[in-house]
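These protein sequence lines are chains A and Y, in that order.
In terms of our numbering, the first sequence has 217 at position 217, counting the first letter as 1, and numbering is strictly consecutive.
In terms of our numbering, the second sequence has 149 at position 149, counting the first letter as 1, and numbering is strictly consecutive.
Built from N, CA and C at the ideal position, the CB exists for glycine as well.
Reviewing the structure listed below.
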Amino acid sequence: MKNSDNKRDWGAYAFMLPAGIIYLSVIVVPVLYSLYISLFKWNGIGEKEFLGLRNYINLFRSDPIFLISIKNNLIWIILTIFVTMTVSLGFAVILNKQFRGRTFFRGFFYFPCVIAPIAVSIIWRWIYNPNVGFINQFFKAIGSDFSQSWISDPKVSIYAIFVAALWQAIGQPMILFLAGLQAVSPDVIEASRIDGASGIKQFVLITVPLLKESFVIVIATLIVSAMKVFDVIQGLTGGGPNNATQMLSTYMYSQTFQYNNVGIGTTIACVMVIMMLVVIVPYVSFTARED
Amino acid sequence: MEGKTQKITKKVVLYLILVILAVIWIVPMLTLFLTAIKGKKDFYSGLSLFSIPARIAWDNFTNALVKGRLLTYMKNDLIVSGLKVPLGIFIEALAAFALTRLNIKHKTGIFIFFLIGMMLPMQTALVPINVIYSKLGFLNTYFGLFYVYVGFGISYGILILRGFFKGIPKEIDEAAVIDGCNKWQLFLRIIFPMAKPAVATLVITDFLATWNEYLLASVIINDNTKKTVPVGIMTFVGEHGTDYGYLCAGVLVSVIPVLVVYLIFQRYFVEGMSGAVKS
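Right under this line is the structure:
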C-alpha cells in the first residue's frame with residue numbers, strides 16, 4: 001500500500017488539469033485579484049491609489065446605502081428561510097401524497113424554476129403595473145377600489161419582489177424536501193399512527209426530525225442564494241425606489257459599472273464573500289464529511 | 001362506512017387545494033400570454049386584461065423575433081450553451097474520475113477546494129474578469145462567455161459526477177485493467193458511459209443555467225449582435241418598455257425553448273434531481 005502511494009502517478013493529475021486550469025483562472029485568481037483591488041481607490045482605467053482597508057472602513061462607517069443593502073439582504077434571508085422554506089415544504093408534503101395526477105402537479109409547480117429569472121422579473125413588472133397590471137385590474141374586476149403602486153412604493157417594494165421571486169424559488173427546495181420525504185419509511189409513520197400520534201403532531205415529532213439532512217441542504221442553499229440575489233431585483237427595480245430594494249449585489253453592480261467606483265464595488269463583493277463564509281464553511285465541511 | 005366517506009372528503013380537499021394553488025401559479029404565464037396576443041389598439045380601447053382580443057396580434061411575435069433581434073439573441077445563446085454544456089461536462093467528468101478512481105493525493109482537500117466555487121458570488125470575479133478580458137480582447141466574444149461559464153459550472157458538475165462515480169463498484173476497474181484497459185480507456189469506454197443518468201440530469205440543468213444566465217453576460221457582452229437572450233430581453237425593456245404586447249410577446253418567445261426542453265425531459269428533473277441529491 002505504502003509503496004504505491006509513494007510512486008506518484010502523474011498521469012492521474014492530467015485528468016485534473018483542464019478543470020484545474022479553468023477553475024483557477026476563472027474563480028481563484030479573479031477572487032484573489034478582487035481582494036487586491038479592494039485595497040485601492042480606482043476607476044477601472046486610471047492609476048490606482050492605495051488605501052489599505054479604508055474602502056472597508058468607509059463602507060461600514062459612512063455609507064448609508066451600503067448599510068441599507070446589508071439590512072435588505074438580511075430581510076431577504078429571513079423571508080426565504082421562513083416563507084420560501086415553509087411554502088416549499090408544504091408543497092412537498094402535499095405532492096408526496098398518493099393521488100392521481102401527482103407527477104403532473106409536481107412538474108407543474110416546478111416549472112417556473114426553468115424560466116430565466118430576468119424573464120420572471122419582466123413578467124412580474126407587468127403584473128405589478130399600477131394602471132393595467134393584473135393585480136390592480138383584479139381588484140377592479142371584483143369591485144374593489146383598492147389600488148397600490150407595488151414596486152414603486154418603497155414601503156412594499158421589497159415584499160412585492162419577494163413574492164415574484166417566491167413564484168420561482170419554491171421549486172428547488174420542494175424537490176429537495178420531496179427527496180427527503182421519499183426516504184422516510186412509511187413503516188415509521190404507520191408505527192407512530194398506531195401509537196396514537198395525530199396528523200400534525202406526527203409530522204412535527206416524527207417526519208421533521210427525519211428530514212434533518214434535507215433541512216440542512218435547503219437552509220444552506222437558501223441563505224447562499226439570498227446573499228447572491230440579483231437578477232430579479234435588477235429586472236424589477238434595479239435597487240430602487242430610493243434604494244428601498246438595494247442589495248449588496250445590485251449596489252456592487254451600480255458602484256462598479258454605473259459610477260466607475262471599481263475599488264468600492266470590488267470591496268462590496270469581498271464583503272459579500274466574507275459574510276457568506278459563515279454559511280459556506282460549515283456547509284462545505286458538512287458535505288465533505290457526509291462521505 | 002365512515003372511514004370511506006372520510007377518505008373521499010380528504011381526497012376532495014386535497015384536489016381543491018391543488019387546484020387553487022395551480023390557478024394562482026398559472027396567473028403569471030396566463031397574463032403574459034393574454035398580453036402578448038393583444039395589439040396596441042386593444043390596450044387603448046379599454047379591453048380588459050383578462051379578455052381574448054378579436055384578432056391575435058401576430059405582429060407582436062414577428063416584431064420581437066426580427067426587429068427585436070430575438071432570433072439573433074437565441075442563436076447566440078444556443079451557440080454558447082451548445083459549446084459550454086458538452087465540453088464543460090466532459091472536463092468535469094475527467095476531474096471527477098480522477099477524484100474517485102485514480103491515485104491522487106489529498107482527494108478530499110481538492111474536492112473541497114472545487115466545491116467552494118459553487119458558493120462564491122459571481123460578483124467577486126466580475127471586475128478582474130472584465131479587466132483581464134479587455135486586455136485579451138475577449139469582451140464581446142462567444143469564447144469569452146463560454147470560458148467563464150465553464151469555470152462557474154465546474155463546482156456543481158464535479159459535485160454531481162463525483163457522487164455518481166463513487167457509486168460505481170471498484171471491481172469494474174479491476175476487471176477492465178485485467179482486460180488491458182489503460183486509464184483513458186477505462187474513463188472513455190466504461191466509467192463515463194455508465195454515468196449516463198447523472199450526465200443526462202447535468203445536461204439539462206446546465207443547459208438551463210447557461211441559457212438563463214444574466215449577470216456575467218451583461219458584463220461581458222454589450223454588442224447587440226452578440227447578446228444572449230436574458231441580456232437581450234432586458235434591452236427590450238429599455239427600448240419598448242411601454243409597448244406591453246410587444247414586450248410580453250418577446251418574453252413569451254424567449255421562454256418557449258426552455259419550456260420545450262422542460263416538457264421533453266421533465267422526468268429527469270423531478271426524479272433525476274432527487275436522485276442526484278441522494279447520491
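Min CB distance residue i to chain Y below 7 Å
i              : result
I200 (chain A) : no
A92 (chain A)  : no
M272 (chain A) : yes
V26 (chain A)  : yes
K41 (chain A)  : no
G263 (chain A) : no
A116 (chain A) : yes
A288 (chain A) : yes
D63 (chain A)  : no
T266 (chain A) : yes
K71 (chain A)  : no
M16 (chain A)  : yes
Beta carbon proximity, residue i to chain A, threshold 7 Å
i              : result
V12 (chain Y)  : no
I104 (chain Y) : yes
G167 (chain Y) : no
G82 (chain Y)  : no
S51 (chain Y)  : no
Q266 (chain Y) : yes
V258 (chain Y) : yes
V251 (chain Y) : yes
V150 (chain Y) : yes
Backbone CA spacing between residue i and residue j [nearest angstrom]
i              : j              : result
A96 (chain Y)  : F165 (chain Y) : 7 Å
I280 (chain A) : T31 (chain Y)  : 39 Å
P117 (chain A) : S249 (chain A) : 15 Å
S34 (chain A)  : A19 (chain A)  : 21 Å
L139 (chain Y) : F207 (chain Y) : 22 Å
A36 (chain Y)  : I104 (chain Y) : 56 Å
W126 (chain A) : P53 (chain Y)  : 18 Å
V219 (chain Y) : V231 (chain Y) : 9 Å
L53 (chain A)  : I274 (chain A) : 14 Å
G44 (chain A)  : P128 (chain Y) : 10 Å
N261 (chain A) : Q255 (chain A) : 5 Å
I160 (chain Y) : A198 (chain Y) : 7 Å
T287 (chain A) : S198 (chain A) : 34 Å
K71 (chain A)  : I65 (chain A)  : 10 Å
D63 (chain A)  : N243 (chain A) : 12 Å
L247 (chain Y) : G133 (chain A) : 14 Å
L89 (chain A)  : F177 (chain A) : 6 Å
L102 (chain Y) : V26 (chain A)  : 25 Å
Q123 (chain Y) : A195 (chain Y) : 33 Å
I68 (chain A)  : F104 (chain A) : 42 Å
R267 (chain Y) : K40 (chain Y)  : 40 Å
E190 (chain A) : K11 (chain Y)  : 19 Å
D195 (chain A) : Q202 (chain A) : 10 Å
R100 (chain A) : I206 (chain A) : 26 Å
M16 (chain A)  : Y214 (chain Y) : 29 Å
L222 (chain A) : T80 (chain A)  : 7 Å
Q137 (chain A) : T242 (chain Y) : 17 Å
T72 (chain Y)  : L78 (chain Y)  : 10 Å
I175 (chain A) : S214 (chain A) : 10 Å
CB of residue i within 7 Å of CB of residue j, strictly
i              : j              : result
S149 (chain A) : V232 (chain A) : no
T237 (chain A) : N55 (chain A)  : no
A176 (chain Y) : I190 (chain Y) : yes
T86 (chain A)  : I158 (chain A) : no
V85 (chain Y)  : V203 (chain Y) : yes
A249 (chain Y) : A64 (chain Y)  : yes
S155 (chain Y) : F113 (chain Y) : no
W42 (chain A)  : G180 (chain A) : no
V156 (chain A) : V258 (chain Y) : no
P112 (chain A) : Q168 (chain A) : yes
A119 (chain A) : V27 (chain Y)  : no
F192 (chain Y) : A125 (chain Y) : no
Proximal residues, the region 206–232 of chain Y versus chain A, C-beta separation under 9 Å: L208, W211, N212, E213, Y214, L215, S218, V219, V229, P230 and V231
Members of the region 138–157 of chain A near chain Y, C-beta cut-off 8 Å: A141
Length at least 4, wholly inside the region 132–220 of chain A: the alpha helix (DSSP H) runs in chain order: 134–141, 157–169, 171–183, 186–194 and 199–202
Residues of the region 53–65 of chain Y with Cβ closer than 7 Å to any Cβ of chain A, in chain order: none
Contiguous alpha helix (DSSP H) assignments of at least 4 residues, all confined to the region 29–105 of chain A: 29–37, 54–62, 64–79 and 85–95
Selection of the region 116–138 of chain Y by Cβ proximity to chain A, strictly under 9 Å: I116, G117, M118, M119, L120, P121, M122, Q123, T124, A125, L126, V127, P128, I129, N130, V131 and I132
Residues from the region 20–35 of chain Y in contact with chain A, defined by Cβ distance under 7 Å: A22, W25, V27, P28, T31, L32 and T35
Proximal residues, the region 88–103 of chain Y versus chain A, C-beta separation under 7 Å: I91, E92, L94, A95, F97, A98, L102 and N103
Residues within the region 187–203 of chain Y neighbouring chain A, beta-carbon criterion of under 7 Å: none
Alpha helix (DSSP H) segments (min. 4 residues) lying fully within the region 170–224 of chain Y: 170–178, 196–212 and 215–220
Alpha helix (DSSP H) runs wholly inside the region 71–156 of chain Y, at least 4 long, in chain order: 107–119 and 123–136
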